[in-house]
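Peer 1: The opening residue of the sequence shown carries number 1 in full-length UniProt numbering; numbering runs sequentially from there.
The C-beta atom is built at its ideal place from N, Cα and C for all residues, glycine as well.
For clarity, every value in this text was computed on a predicted model and none was experimentally measured.
Quick one: the structure is below, and I'll ask about it shortly.
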Amino acid sequence: MHVYGPADRYPVAATRAFDVPDALPARLRALHDTLGVERLVLVQPSGYGTDNRRHLEAVAELGRPARVIVALRAEVQDAELDRLHEAGVRGVRYNIGHAGAVPLAEMPALAARIARLGWHVQLHVMDDQGRAPLAEMEPTLRELPTDVVIDHMGSLRPGDGVGQPGFQALLRLVNTGRCWVKLSCGYRMSALPPPYEDMVPYVQALLAARPDRLVWASDWPHVSFKGEMPNTTDLLDQMLTWVPDGAQRHQILVRNPEQLYGF
1 MHVYGPADRY PVAATRAFDV PDALPARLRA LHDTLGVERL VLVQPSGYGT DNRRHLEAVA
61 ELGRPARVIV ALRAEVQDAE LDRLHEAGVR GVRYNIGHAG AVPLAEMPAL AARIARLGWH
121 VQLHVMDDQG RAPLAEMEPT LRELPTDVVI DHMGSLRPGD GVGQPGFQAL LRLVNTGRCW
181 VKLSCGYRMS ALPPPYEDMV PYVQALLAAR PDRLVWASDW PHVSFKGEMP NTTDLLDQML
241 TWVPDGAQRH QILVRNPEQL YGF
């Protein structure tokens, strides 16, 4: 998930694609108390560019075990990488298709440098042009010396079926054992209300491939979303439909993130 604000202390980047209201750590802490979430992963959003201060400083405000995924340029110094690791950072995020995003061309060079820390590369692939970015990027991702985490199930199109090239590329990557997938953002992709049952065939395909490479995410506070805003409790309850087996749910919600993020 993400946090935002106060805006006077943490200004958004000039290259941002949209504005968001404050979504403060105190509100997120209250939400997690409601949901029973005991550990969390803060992900650098595109709106802050490479200024990672808001999420690094939110860790102390949230008061529970946390990891952070940051956005960095390839020229970052080794000493800074070491400092960030001590602060709880475990990965670097690239936003594909976002204005002002860190250039994707820098990914292989930075991946080679963060591999010693056990970090991963995280990708948010967003495309509205009918292409299949994951299929196009598959050879590059396979060659990275780090694990890869794919946000939001690859931002697939449920109506295009499990045979769509991007999802088939996702399955191939997952089957390497070095790619993880977040079961998140069904509300952005689905044509149905919660629990977004048109997403179930895709979740089933991922479960059949590598249930040990799946994690859940809420994507709170659901920025730049123009549909019907979901209740975050629904986004957790959807897992009862998406993953009906209790042992697999426990694996996805607890054991897999322990391994991926080093909790």
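Give the list of continuous beta strand (DSSP E) stretches no shorter than 3 residues that lie fully inside the segment 92-165.
Peer 2: You should have 120-125 and 147-150.
Peer 1: Buried or exposed, going by whether 16 or more other CB atoms sit within 10 Å of the CB of M229?
Peer 2: By the neighbour-count rule (16 or more Cβ atoms within 10 Å), M229 is not buried but exposed.
Peer 1: Can you give the Cα-Cα distance for R213 and W242, rounded to whole angstroms?
Peer 2: Distance between the alpha carbons of R213 and W242 is about 15 Å.
Peer 1: Would you say the segment 111-123 touches the segment 136-154, given that touching needs at least three Cβ pairs under 8 Å?
Peer 2: Yes: the two stretches touch, three or more of their Cβ pairs being nearer than 8 Å.
Peer 1: Measure the Cβ-Cβ separation of A135 and G166 and say whether it is below 8 Å.
Peer 2: Taking 8 Å as the Cβ cut-off, A135 and G166 qualify as a contacting pair.
Peer 1: Around the C-beta of Q259, are 16 or more other C-beta atoms found within 10 angstroms, so that it is buried, or is it exposed?
Peer 2: By the neighbour-count rule (16 or more Cβ atoms within 10 Å), Q259 is not buried but exposed.
Peer 1: Can you tell me whether R67 is helix, strand or coil according to DSSP?
Peer 2: If DSSP states are grouped into helix, strand and coil, R67 belongs with the strands.
Peer 1: Y4 bridges to which residues according to DSSP?
Peer 2: Answer is A23, bridged to Y4.
Peer 1: Does DSSP put R53 in a helix, in a strand, or in coil?
Peer 2: Three-state DSSP puts R53 in a helix.
Peer 1: Give a yes or no on whether the C-beta atoms belonging to I114 and L104 are separated by under 8 Å.
Peer 2: No.
Peer 1: State the beta-bridge partners of K182 as determined by DSSP.
Peer 2: In the DSSP output, where bridge partners are listed per residue, K182 has V215.
Peer 1: Between which two residues does the alpha helix (DSSP H) harbouring L206 extend?
Peer 2: V200 to A209 is the extent of the alpha helix (DSSP H) around L206.
Peer 1: Check for me: the alpha helix (DSSP H) holding L81 runs from which residue to which?
Peer 2: It spans D78 to E86 - the alpha helix (DSSP H) in which L81 sits, taken as one unbroken run.
Peer 1: Excluding the 5 residues flanking L40 on each side, which residues of the same chain have their C-beta closer than 6 Å to its C-beta?
Peer 2: Only A66 meet the Cβ criterion.
Peer 1: Give every residue of the same chain whose Cβ lies closer than 8 Å to the Cβ of D78, excluding the five residues on either side of it in the sequence, and list them in chain order.
Peer 2: The residues are R113.
Peer 1: Consult DSSP for P41 and reduce its assignment to one of helix, strand or coil.
Peer 2: Rather than Pro, the amino acid found at residue 41 in this sequence is Val. Strand.
Peer 1: Which residue wins for smallest C-alpha separation from C185, given the options A208, Q168, G154 and L171?
Peer 2: Out of A208, Q168, G154 and L171, G154 has the C-alpha closest to the C-alpha of C185.
Peer 1: Excluding the 5 residues preceding and the 5 following residue 264 in the sequence, name in chain order all residues of the same chain whose CB lies nearer than 6 Å to its CB.
Peer 2: Any property of residue 264 remains undetermined from this structure, which presents the chain solely from 1 to 263.
Peer 1: Mind checking which residues open and close the alpha helix (DSSP H) that includes Y261?
Peer 2: Run containing Y261: N256 to Y261, per the alpha helix (DSSP H) assignment.
Peer 1: State buried or exposed for residue 273, treating a residue as buried only when at least 16 other CB atoms are found within 10 Å of its CB.
Peer 2: Past the edges of the chain, shown from 1 to 263, lies residue 273, and the structure says nothing about it.
Peer 1: Rounded to the nearest angstrom, how far is the Cβ of A209 from that of V162, given a contact under 8 Å?
Peer 2: Going by Cβ atoms, the distance from A209 to V162 rounds to 11 Å, so no, they are not a contact pair.
Peer 1: By alpha-carbon positions, which one of P211, L235 and V215 ends up nearest to P221?
Peer 2: Closest option to P221, Cα to Cα, is L235.
Peer 1: Can you say whether S224 is buried or exposed, counting buried as having 16 or more other CB atoms within 10 angstroms of its CB?
Peer 2: It counts as exposed.
Peer 1: Secondary structure at V89, three-state DSSP: helix, strand or coil?
Peer 2: The answer is strand: DSSP assigns V89 an E or B state.
Peer 1: Determine the closest residue to A14 out of R178, D51, E80 and R27, with distance taken between C-alpha atoms.
Peer 2: Residue D51 is the option with its Cα nearest to A14.
Peer 1: Helix, strand or coil for F167, going by three-state DSSP, please let me know.
Peer 2: Correct three-state label for F167: helix.
Peer 1: Would the segment 250-258 count as touching the segment 190-199 if we require 3 or more Cβ pairs under 8 Å?
Peer 2: No contact exists between the segment 250-258 and the segment 190-199.
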